[in-house]
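A.B. asks: Okay, here's the structure, questions in a sec.
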Amino acid sequence: MKRFLKVIAGSAGATALMFGGYLGVLQLTGNFHEVLPGELYRSAQPSASDIASYARQYGIKTIVNLRGESREAWYLQEVEASNRAGIAHVDFRLSASRRVSPQQARQLIALLQKAQKPILVHCQAGADRTGLASMLYLQQIARIDEETSERQLSARYGHIGIPYISAAFAMDETWENLEKLVFHLTS
Numbered sequence: 023m024k025r026f027l028k029v030i031a032g033s034a035g036a037t038a039l040m041f042g043g044y045l046g047v048l049q050l051t052g053n054f055h056e057v058l059p060g061e062l063y064r065s066a067q068p069s070a071s072d073i074a075s076y077a078r079q080y081g082i083k084t085i086v087n088l089r090g091e092s093r094e095a096w097y098l099q100e101v102e103a104s105n106r107a108g109i110a111h112v113d114f115r116l117s118a119s120r121r122v123s124p125q126q127a128r129q130l131i132a133l134l135q136k137a138q139k140p141i142l143v144h145c146q147a148g149a150d151r152t153g154l155a156s157m158l159y160l161q162q163i164a165r166i167d168e169e170t171s172e173r174q175l176s177a178r179y180g181h182i183g184i185p186y187i188s189a190a191f192a193m194d195e196t197w198e199n200l201e202k203l204v205f206h207l208t209s
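At the far end of the sequence shown sits residue 209, using the numbering used here, and the numbering has no gaps.
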């Protein structure tokens, strides 16, 4: 029995280590992903060189920053790089640890709908707020099915939504509330 427990503990440890490594790779690569080719892309906080590269490779026309306006260097560099590349820059502050109201969700959907495409949407890690925004775009603008849309808020992109453990579970709760109250979906 003791040996069995050691094997289980070792397996769990190895799995956790591998998953941690995967999350590290996501951050090192900027967690950049194509959501809908030519329309919507998602990432973690982009550097100035990332912005220039995304503009060249994907033709990004609008950046939607879900972190909100800031006086910090990352923000000033992002705005400057956007301006240099001729990219519209829009701030829409969300918190990964607070539920998004139906009114905020409608405002974000309207912003994404009106923004010049292709759009790059990002937050700090590109996992939680960006996942929710990507789901909203797919489900409410592109009219992609619910199941496919929900994949945007998953561990694949670094989202860990565990009740009582992960503050980012607020994004999962937001989606569930919006499904029922606003979108009239059943899951």
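The C-beta atom is built at its ideal place from N, Cα and C for all residues, glycine as well.
Values in this document were obtained by computation on a predicted structure and should not be read as measured data.
Please name the residue, chosen from L175, M193, Q146 and L158, that lies closest to A66 on a Cα-to-Cα basis.
C.D. replies: For the residues L175, M193, Q146 and L158, the minimum Cα distance to A66 belongs to Q146.
A.B. asks: Tell me which same chain residues have a C-beta within less than 6 Å of the C-beta of A103, skipping the five on either side of it?
C.D. replies: These residues qualify, in order along the chain: A70 and I73.
A.B. asks: Return the chain-ordered list of same chain residues with a C-beta closer than 8 Å to the C-beta of Y97, the five sequence neighbours on each side being excluded.
C.D. replies: Excluding residues within five positions, the ones whose Cβ falls inside 8 Å are N87, R89 and E91.
A.B. asks: Quick check: what's the CA-CA separation for V143 versus I187?
C.D. replies: Cα to Cα, V143 sits roughly 26 Å from I187.
A.B. asks: Could you work out which residue in L200, E169 and A189 is closest to A149 when comparing CA atoms only?
C.D. replies: Looking at the Cα atoms, A189 is the closest of the given residues.
A.B. asks: Looking at the secondary structure, which residues open and close the alpha helix (DSSP H) in which I186 lies?
C.D. replies: The question names Ile, but residue 186 in the sequence shown is Tyr. Counting along the chain, Y186 falls outside any alpha helix (DSSP H), and DSSP gives it neither H nor E.
A.B. asks: Can you give me the start and stop residues for the beta strand (DSSP E) that Y63 sits inside?
C.D. replies: Taken as a continuous stretch (DSSP letters only), the beta strand (DSSP E) holding Y63 covers L62 to S65.
A.B. asks: Using the DSSP secondary-structure output, state which residues sit across from T84 in a beta bridge.
C.D. replies: Looking at the DSSP assignment, T84 forms a beta bridge with A110 and I141.
A.B. asks: At the level of alpha carbons, what is the spacing between M193 and G108?
C.D. replies: Cα-Cα distance, rounded: 31 Å.
A.B. asks: For a quick check, are the C-beta atoms of V112 and A137 less than 9 Å apart?
C.D. replies: Going by C-beta atoms, V112 is nearer than 9 Å to A137.
A.B. asks: Are the CB atoms of I85 and I131 nearer to each other than 9 Å?
C.D. replies: Not closer than 9 Å, so no.
A.B. asks: Am I right that L154 and W197 are in contact with their C-beta atoms under 8 Å? What's the rounded C-beta distance?
C.D. replies: Sure, about 6 Å apart at Cβ, within 8 Å.
A.B. asks: Whole angstroms is fine: what's the gap from A177's alpha carbon to E169's?
C.D. replies: Cα to Cα, the separation comes out at about 15 Å.
A.B. asks: May I have the straight-line CA-CA distance separating Y63 from H55, to the nearest angstrom?
C.D. replies: The straight-line gap from Cα to Cα measures roughly 6 Å.
A.B. asks: Rank S156, R151 and Q126 by C-alpha distance to the C-alpha of P140 and give the top, closest one.
C.D. replies: Minimum Cα distance to P140 is reached at S156.
A.B. asks: In this structure, how does DSSP classify E198 when only helix, strand and coil are distinguished?
C.D. replies: Helix.
A.B. asks: Is it right to say N53 is buried, meaning 16 or more other beta carbons lie within 10 angstroms of its own, or is it exposed?
C.D. replies: The residue is buried, with at least 16 neighbouring Cβ atoms inside 10 Å.
A.B. asks: On the three-state DSSP scale, how would you describe L212?
C.D. replies: Residue 212 cannot be examined here, being either before or after the span of the chain that is shown, 23 to 209.
A.B. asks: Which residues in the same chain have their Cβ closer than 6 Å to the Cβ of L160, if we skip the five residues on either side of it in sequence?
C.D. replies: Closer than 6 Å at Cβ, skipping near neighbours: I166 and S171.
A.B. asks: Just grab the DSSP bridge partners of L58 for me.
C.D. replies: Answer is L62.
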